[in-house]
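K.L.:
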Amino acid sequence: METVYLDHAATTPLDNDVFEKMRPFYTESFGNADSPHSYGRKSMIAVDSARDKIAELIGAKPSEVYFTSGGTESDNWAIIGGALSKRRQENRMRVLVSAIEHHAALDACERLKRDGFTVDVIPVDGSGRVCAEKVKEMLGYDVALVCMMAANNETGALQPVQELADEIKSCGAYFFTDAVQLAPYERIDVKKLGVDMLSFSGHKFYGPKGVGVLYIKSGVKMEKLVGGGEQERGLRGGTLNVPSVVGLSAAYEKNVATMSATNEKITKLRALFLKEISVLEGVKINGGKGLDSILNLQIEGVENAALLYALDLKGIAIAAGSACASASVKPSHVLTAMGLAEKQAKSSVRISFGKTNDEEGVLYAARAFVETVNRIRG
Ligand code: PLP
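Read in the numbering used here, the sequence shown has 315 at position 335, and its numbers run on one by one without any break.
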């Protein structure tokens, strides 16, 4: 049976050449990067060069790059660590968070609420985009931190990060953006974006799972989230995951080098898919212009779980919302924040293209999609 993977926003396969760069750090060069002997030094040299490469590619200083266990930890650390620090320094007790954040960010805000913070939710419009004017209205000198993702994981909608950076800065709040979904498709320049903190994750761009980055601008005072040893300049304890750090850096470097070719390919594949399914009535794209890699479709009269499972039987992998929420029966919080009714949200699926796709596979998937939707509709 042919298989077509159309869930690249959930995760991507590890590139073979990236894996080959990681392999020696599992076996012969296995030293603990903090050990003061040749084994340790070899590992630390690899971590330092990975950090230097990431810093160079995102326009940061190496000392501003922290390795974590992934996007989830980076988001939690930025939000909880940033807000607690602002409270300690200036007694600021309010956090602004967009309604469409990943659960990693929303959950961190719930924790802040339990710690006495007020969490105000920034609404989005029907296209899934935060209204910059609304954020400006909500800002105040009591705001500790603003959390607004760069690109949404369910719709691909791009958010006005750069546009809001100055206003947030002049208010004295920390500005954190989750760039987990943006990093695979757009060059990140932390200076241009103007943020204080930014997260991304290795497995979204053909790197390893369980490793991520948190950029923390120098001068930002952070509380630590993971205590332990003195790793990561004393701010994040735990033996460094050397193979994964090496893999993340190699994958990111390759991703940046191949980004425009990948994006061009994805744009064509998306158009091909849309053309092929245009024979169906009652299908609508959720969200406005954003990342071409993510296509969120609302299919009238079709329950997303039924479509997902029927396509899975044909070897086609798509998602109903984000990966972490796919198994839940709840409608997507992103789509409902955009104004979709529960029924419409439950009739929506996410198709996400990647560099592993080709025309043949996309055509097979699109034809199976049409046939399955027609069959479900009876
Ligand atoms: N933030 C966004 C926008 C994501 O899409 C994801 C993963 O789906 C995460 C955070 C969590 O990243 P990780 O899977 O590395 O923990």
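No residue lacks a Cβ here, since even glycine has one placed at the ideal position from N, Cα and C. Computed from a predicted model, the values in this text were never measured in an experiment.
Tell me the DSSP bridge mates of Thr157?
P.N.:
Leu178, per the DSSP bridge assignment.
K.L.:
Please name the residue in Arg330, Arg357, Phe349, Ile59 whose C-alpha comes closest to that of Ala(-10).
P.N.:
Minimum Cα distance to Ala(-10) is reached at Arg330.
K.L.:
What are the start and end residues of each continuous beta strand (DSSP E) run of 3 or more residues lying completely inside the segment 85 to 120, in chain order?
P.N.:
Correct list: 98 to 102.
K.L.:
Between the segment 78 to 89 and the segment 46 to 63, do at least 3 Cβ pairs fall closer than 8 Å?
P.N.:
Touching, yes.
K.L.:
What separation, rounded to the nearest whole angstrom, lies between the Cα atoms of Arg94 and Thr238?
P.N.:
Each residue's alpha carbon lies about 44 Å from the other.
K.L.:
Does the segment 127 to 146 come within contact of the segment 280 to 296, defined as at least 3 CB pairs closer than 8 Å?
P.N.:
Counting Cβ pairs under 8 Å, fewer than three are found: no touch.
K.L.:
Quick one: does the C-beta of Asp55 sit closer than 7 Å to a heavy atom of the ligand PLP?
P.N.:
It does: the Cβ of Asp55 is within 7 Å (strictly closer) of some heavy atom of the ligand PLP.
K.L.:
Report yes or no: do the segment 72 to 79 and the segment 208 to 223 share at least 3 C-beta pairs separated by less than 8 Å?
P.N.:
They do not touch, by the three-pair rule.
K.L.:
Determine the extent of the beta strand (DSSP E) in which Leu80 is found, giving its start and end residues.
P.N.:
Residue identity check: residue 80 is Ile in the sequence provided, not Leu. Looking at the DSSP string, Ile80 is not in any beta strand (DSSP E), and its letter there is neither H nor E.
K.L.:
What is the residue span of the alpha helix (DSSP H) that Gly227 lies within?
P.N.:
222 to 256 is the extent of the alpha helix (DSSP H) around Gly227.
K.L.:
In terms of DSSP beta bridges, what is Leu277 paired with?
P.N.:
DSSP, once it has assigned bridges, lists Ile265, Val329 as partnering Leu277.
K.L.:
Run through the DSSP bridge pairs and tell me what Gly192 is partnered with.
P.N.:
Gly192 is bridged to Thr48, Ser181.
K.L.:
Might you give, ordered along the chain, the residues of its own chain that have their beta carbon closer than 7 Å to the beta carbon of Asp122, omitting 5 neighbours on each side?
P.N.:
Only Arg72, Met73, Arg74 meet the Cβ criterion.
K.L.:
Indicate whether Ala407 and Met24 have their beta-carbon atoms separated by less than 8 Å.
P.N.:
The structure shown does not extend to residue 407, since the chain is modelled only from -19 through 358, so no value can be given for it.
K.L.:
What does the Cβ neighbour count give for His183, buried or exposed, with the cut at 16 atoms within 10 Å?
P.N.:
Classification of His183: buried, given that the 10 Å Cβ count is 16 or more.
K.L.:
Below 8 Å, can you find three or more Cβ-Cβ pairs linking the segment 341 to 351 to the segment -8 to 2?
P.N.:
Not touching, per the Cβ criterion.
K.L.:
At a cut of 8 Å, does the segment 57 to 66 reach the segment 110 to 119 through at least three beta carbon pairs?
P.N.:
No, the segment 57 to 66 does not touch the segment 110 to 119.
K.L.:
Compare the C-alpha of Phe97 against each of Asn132, Asn133, Ile59, Asp105 and name the closest.
P.N.:
Among Asn132, Asn133, Ile59, Asp105, the Cα nearest to that of Phe97 belongs to Ile59.
K.L.:
Mind reading off the beta-carbon distance from Asn221 to Val193? Whole number of angstroms is fine, and I expect it under 8 Å.
P.N.:
Between Val193 and Asn221 the Cβ distance is about 12 Å, and since that is not below 8 Å, they are no contact.
K.L.:
Drop a sphere of 10 angstroms on the beta-carbon of His17, count the other beta-carbons inside from all chains shown, and report buried for 16 or more, exposed for fewer.
P.N.:
With fewer than 16 other Cβ atoms within 10 Å, it is exposed.
K.L.:
Would the segment 283 to 299 count as touching the segment 347 to 358 if we require 3 or more Cβ pairs under 8 Å?
P.N.:
Output reads yes: the segment 347 to 358 touches the segment 283 to 299.
K.L.:
How big is the Cα-Cα spacing for Leu249 and Ser312?
P.N.:
For Leu249 and Ser312, the distance between alpha carbons rounds to 25 Å.
K.L.:
When you measure from the CB of Asp87 to every non-hydrogen atom of the ligand PLP, does any distance come out below 7 Å?
P.N.:
False, no ligand heavy atom lies under 7 Å from that Cβ.
K.L.:
Measure how close the beta-carbons of Tyr154 and Leu125 come, nearest whole angstrom, since I'm counting them as under 8 Å.
P.N.:
With a Cβ gap of about 5 Å, Tyr154 and Leu125 count as contacting.
K.L.:
In whole angstroms, what is the alpha-carbon distance linking Val226 and Gly62?
P.N.:
Distance between the alpha carbons of Val226 and Gly62 is about 27 Å.
K.L.:
Within 10 Å of its beta-carbon, does Cys111 have 16 or more other beta-carbons around it, so buried, or fewer, so exposed?
P.N.:
Answer is exposed; the Cβ neighbour count stays below 16.
K.L.:
Secondary structure at Gly209, three-state DSSP: helix, strand or coil?
P.N.:
Note: Gly209 maps to coil in three-state DSSP.
K.L.:
From which residue to which residue does the alpha helix (DSSP H) around Val342 run?
P.N.:
339 to 357 is the span of the alpha helix (DSSP H), which, as asked, contains Val342.
K.L.:
Can Ala137 and Leu173 be called in contact, C-beta distance under 8 Å?
P.N.:
Against a cut-off of 8 Å, the Cβ pair of Leu173 and Ala137 comes out as no contact.
K.L.:
Taking 7 Å as the line, does the beta carbon of Asp(-13) fall inside it for any heavy atom of the ligand PLP?
P.N.:
No.
K.L.:
Report whether the distance from the Cβ of Val160 to the nearest heavy atom of the ligand PLP is below 7 Å.
P.N.:
It does: the Cβ of Val160 is within 7 Å (strictly closer) of some heavy atom of the ligand PLP.
K.L.:
Which same chain residues end up closer than 7 Å to Ala285 when comparing Cβ atoms and leaving out the 5 residues on each side of it in sequence?
P.N.:
Contacts found: Ala300.
K.L.:
Using a threshold of 7 Å, is the CB atom of Thr82 nearer than that to any non-hydrogen atom of the ligand PLP?
P.N.:
Checking the sequence, you will find His at residue 82 rather than Thr. Yes, the Cβ of His82 comes within 7 Å of a heavy atom of the ligand PLP.
K.L.:
Skipping 5 residues on each side, what residues in its chain have a beta carbon closer than 8 Å to that of Tyr6?
P.N.:
So the list reads Pro223, once near-sequence residues are dropped.
K.L.:
Compute every distance between the C-beta of Thr52 and the non-hydrogen atoms of the ligand PLP, then say whether any falls below 7 Å.
P.N.:
Yes, since a heavy atom of the ligand PLP falls inside the 7 Å radius drawn around the Cβ of Thr52.
K.L.:
Buried or exposed for Ala163, please, with buried defined as at least 16 other CB atoms from any protein chain shown within 10 angstroms of its CB.
P.N.:
That one is buried.
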